[in-house]
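Residue numbering for the sequence shown follows the numbering used here, starting at 9 and increasing by one per position. Cβ coordinates follow ideal geometry from the N, Cα and C atoms, glycine included. Just so you know, these numbers come straight off a predicted model, no measurement behind them. Structure first, commentary second.
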Amino acid sequence: MIEICPDLLSARDCLGRTPLHVAAGSAADPRLIKILAHVCLAACDVQDQDVDGKTPLHFACDSSSVLFEDVHNNESATPRPPCHDAICALLSESLAAATIEDADEMNPLKHTIMSNASLKSVKLLQSAAAKHLQGASMSTSLGPTTISLRRVSIHGRRGVMLSVCVCVLVKMLAGCIRRALF
């Protein structure tokens, strides 16, 4: 498929989803996700959001994601835990995706925590978001992110979420100090 019809990799359905969205949301083999992400870098781009604002990483991190409305199949479906290897595969192509919020103001880290993923996956997303934010401007846009992260901590893993909040606040302060001095 990659050699015969490379344009299909970036094709979108009526919901704005690419083959990478579908692979990540249907718990496809992480090796397939890595190949799709590597071959079609635009599919991992920050702008690669579907109509609900979700990136492929959102789907990989959300155990309750529903790709297509199908009442008969969804009633009996059990949530799958987020796959650490799939998350790694998607982050290897774009760290920025770790910080994007969907239409419900949920980023991949929040989805991972709400999906009771392994602590290893949560730490991976924390690290990716922190690395991306280091390169980004420390503007006021971090304020709402910090507040919304606290709201999620009510559901569990307070220590993990507190460390994210502290990390973001420290980076905000460092950015403010740098701007004040220079």
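Checklist entry - Is it buried or exposed for Ala19, if we count other Cβ within 10 angstroms and need 16 for buried? => result Walking along the sequence shown from the start, residue 19 turns up at place 11. So Ala19 counts as exposed.
Checklist entry - If we ignore side chains and look at the alpha-carbon of each, how far apart do Lys42 and Ala111 end up? => result Start at 1 with the first residue of the sequence shown, and residue 42 comes out as number 34. Start at 1 with the first residue of the sequence shown, and residue 111 comes out as number 103. For Lys42 and Ala111, the distance between alpha carbons rounds to 25 Å.
Checklist entry - Taking Cβ positions, are His92 and Ser129 nearer each other than 8 Å? => result What you label residue 92 is simply residue 84 of the sequence shown in a count that begins at 1. What you label residue 129 is simply residue 121 of the sequence shown in a count that begins at 1. In contact: His92 and Ser129 (Cβ atoms closer than 8 Å).
Checklist entry - Run through DSSP, which three-state label would Cys48 get? => result Start at 1 with the first residue of the sequence shown, and residue 48 comes out as number 40. Looking at Cys48 - three-state DSSP - the assignment turns out to be coil, as it is neither helix nor strand.
Item to check | Euclidean distance between Cα positions of Gly24 and Lys62 | outcome: Taking the first residue of the sequence shown as position 1, residue 24 is located at position 16. Taking the first residue of the sequence shown as position 1, residue 62 is located at position 54. Whole-angstrom Cα-Cα distance: 10 Å.
Item to check | Which of helix, strand or coil DSSP assigns to Thr63 | outcome: Along the sequence shown, read from residue 1 onward, the residue named residue 63 stands at position 55. Of the three classes helix, strand and coil, the one that applies to Thr63 here is coil, per DSSP.
Next on the checklist: For a minimum of 4 consecutive residues, which ranges assigned as the alpha helix (DSSP H) are wholly contained in the segment 88-147?
Outcome noted: 92-99, 116-122 and 127-143
Next on the checklist: Quick check on DSSP: helix, strand or coil for Gly24?
Outcome noted: Counted from its first residue, the sequence shown places residue 24 at position 16. In the structure shown, Gly24 sits in coil (DSSP, three-state: anything other than H, G, I, E or B).
Checklist entry - So, Asp70 versus His29, is the Cβ gap smaller than 8 Å? => result One-based indexing of the sequence shown puts residue 70 at position 62. One-based indexing of the sequence shown puts residue 29 at position 21. No, Cβ-Cβ distance for Asp70 and His29 is not below 8 Å.
Checklist entry - Would Ser73 be called buried (16 or more neighbouring beta carbons within 10 Å of its own) or exposed? => result As a first step, residue 73 is located in the sequence shown; it is residue number 65 there, counting from the start. Label assigned to Ser73: buried.
Checklist entry - Going by the CB atoms, is the gap between Leu133 and Ala94 shorter than 8 Å? => result What you label residue 94 is simply residue 86 of the sequence shown in a count that begins at 1. What you label residue 133 is simply residue 125 of the sequence shown in a count that begins at 1. No, the Cβ-Cβ distance between Ala94 and Leu133 is not below 8 Å.
Checklist entry - Does DSSP put Leu75 in a helix, in a strand, or in coil? => result Residue numbering aside, residue 75 sits at position 67 when the sequence shown is read from its first letter. Three-state result, Leu75: coil.
Next on the checklist: Quick check on the burial criterion: 16 or more other C-beta atoms within 10 angstroms. Buried or exposed for Pro89?
Outcome noted: Counted from its first residue, the sequence shown places residue 89 at position 81. With fewer than 16 other Cβ atoms within 10 Å, it is exposed.
Item to check | Nearest neighbour of His119, chosen from Pro27, Cys48 and Phe67 [CA to CA] | outcome: To locate residue 119, count along the sequence shown from 1; it is residue 111. Minimum Cα distance to His119 is reached at Phe67.
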